[in-house]
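S.K.:
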Amino acid sequence: MNQIPQAILKTKAIGKKIFYFDEIDSTNLEAKKHKEEVDSNGMVFLAEQQNQGRGRLGRTWVSPKETGIWMSILLKPDFDAQLASQVTLLAALAAADAIRQATKQDCRIKWPNDLVLNGKKVCGILTEMGACDGQVQYMVAGIGINVNTEWFPEEIKETASSLRIEGGIVYSREEIIAELLNSFEVYYDEFCASGSLRSVVNYYNSLLINKGKKVKIVEAVKTDIGIALGIDETGGLKVQTEDGEERTIISGEVSVRGLYGYV
645 MNQIPQAILK
655 TKAIGKKIFY
665 FDEIDSTNLE
675 AKKHKEEVDS
685 NGMVFLAEQQ
695 NQGRGRLGRT
705 WVSPKETGIW
715 MSILLKPDFD
725 AQLASQVTLL
735 AALAAADAIR
745 QATKQDCRIK
755 WPNDLVLNGK
765 KVCGILTEMG
775 ACDGQVQYMV
785 AGIGINVNTE
795 WFPEEIKETA
805 SSLRIEGGIV
815 YSREEIIAEL
825 LNSFEVYYDE
835 FCASGSLRSV
845 VNYYNSLLIN
855 KGKKVKIVEA
865 VKTDIGIALG
875 IDETGGLKVQ
885 TEDGEERTII
895 SGEVSVRGLY
905 GYV
């Protein structure tokens, strides 16, 4: 991977320090090693290959060499831990912006943090944090984008794809990273100032591929069916269940799936 072009990286803090690795266990793990450093806010960690990449709920994230964007952003915010999960949605929006700009395709979001092209997943996000007395000490937003990947393991090839497969051309990873960081800083700064997703709710819902569709809500003890209505200002997904009840689903151990497939 080449250096990120400074001509298109317009950020003030995010990505001003970027660390590049040929091979690494996980960019999230590497980011956490720097969490105590005074000037670590906004550091970005990029790898050509990850050997221990992870997704939500402990799932493995396949990170083949020199084909994708495997990156983590280290943040040192000053807000309550209960707001931390909302940063995942901001990362999803920023990644969607970058993919839409690069591919000119209709990249959509599957709540809360998967990005979808033509019904297949091309990006996943894993946000982790450390907190003390209810305050966030650090956050790591891990983002994996299948950019120029040409094949996938048998067990995921029906639901996973890449920008190259869907667009038919090779894309610049460096330009996508720069656009993602530019967008993320704007959304993140607005969020830190307001403590709410208020400014992006309508935009997020316009990209929400689940919206207006039947979804399956899979919890530890039960499964519900409902219509996804969109997110609220806390990032929760509003769903109207089959019995007419409207409830808000909080991401975590709850999985929201399409009734007849991935989306």
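According to this note's numbering, the sequence shown is numbered sequentially starting from 645.
Virtual Cβ for every residue (Gly too), placed ideally from N, Cα, C.
(1) How many angstroms separate the CA atom of N672 from the CA atom of G811?
(2) Which residue comes first and which comes last in the beta strand (DSSP E) that contains L759?
(3) Can you give me the Cβ contacts of E834 inside the same chain, cut-off strictly under 6 Å, excluding the 5 residues immediately before and after it?
(4) Who are the near neighbours of K679 in its chain, counting only those whose CB is closer than 6 Å to its CB and skipping five residues on each side?
(5) Considering C836, what are the terminal residues of the alpha helix (DSSP H) in which it resides?
(6) For R817 versus I713, is the C-beta distance shorter than 7 Å?
(7) Suppose the cutoff is 7 Å on Cβ atoms and the five residues either side in sequence are ignored; what does the same chain contact list for K764 look like?
(8) Have a look at the DSSP bridge pairing and note the partners of Y848.
(9) Do the segment 886-895 and the segment 859-875 touch if we need at least three Cβ pairs shorter than 8 Å?
(10) Could you tell me the distance, in whole angstroms, from the CA atom of E692 to the CA atom of S840?
(11) Taking DSSP's pairing of strands, which residues face Q884 in a bridge?
(12) Determine, using beta-carbon pairs with one atom in the segment 755-769 and one in the segment 813-831, whether at least three such pairs fall under 8 Å.
(13) Whose CA, out of K866, E877, T878, E890, lies closest to the CA of S899?
M.R.: The relevant details are as follows:
(1) As a first step, residue 672 must be located in the sequence shown, where it is residue number 28. As a first step, residue 811 must be located in the sequence shown, where it is residue number 167. If you take the alpha carbons of N672 and G811, they lie about 28 Å apart.
(2) Counting from 1 along the sequence shown, the entry for residue 759 is found at position 115. Bounds of the beta strand (DSSP E) holding L759 are 758-761.
(3) Sequence index remark: in the sequence shown, residue 834 carries index 190 (1-based). Annotation for E834: S843 place their beta carbon closer than 6 Å to its own, counting only its chain and skipping 5 residues before and after.
(4) Within the sequence shown, residue 679 is the residue found at index 35, counting from 1. Cβ within range, chain order: Y782.
(5) As a working mapping, residue 836 is identified with position 192 in the sequence shown. First-last of the alpha helix (DSSP H) with C836: 817-838.
(6) By one-based count along the sequence shown, residue 817 stands at place 173. By one-based count along the sequence shown, residue 713 stands at place 69. Yes. Within cutoff.
(7) Reading the sequence shown from its first residue, position 120 is the one you call residue 764. Once the five neighbours on either side are set aside, the close Cβ partners of K764 are T803, A804, S805.
(8) Your numbering for residue 848 matches position 204 in the sequence shown. Its beta-bridge partners do not exist; DSSP assigns none.
(9) Contact holds: three or more Cβ-Cβ distances are below 8 Å.
(10) The residue you call residue 692 lines up with position 48 of the sequence shown. The residue you call residue 840 lines up with position 196 of the sequence shown. For E692 and S840, the distance between alpha carbons rounds to 34 Å.
(11) Indexing the sequence shown from 1 puts residue 884 at position 240. In the DSSP assignment, Q884 is bridged to I871, E890.
(12) The segment 755-769 vs the segment 813-831: no contact.
(13) Indexing the sequence shown from 1 puts residue 899 at position 255. Closest option to S899, Cα to Cα, is K866.
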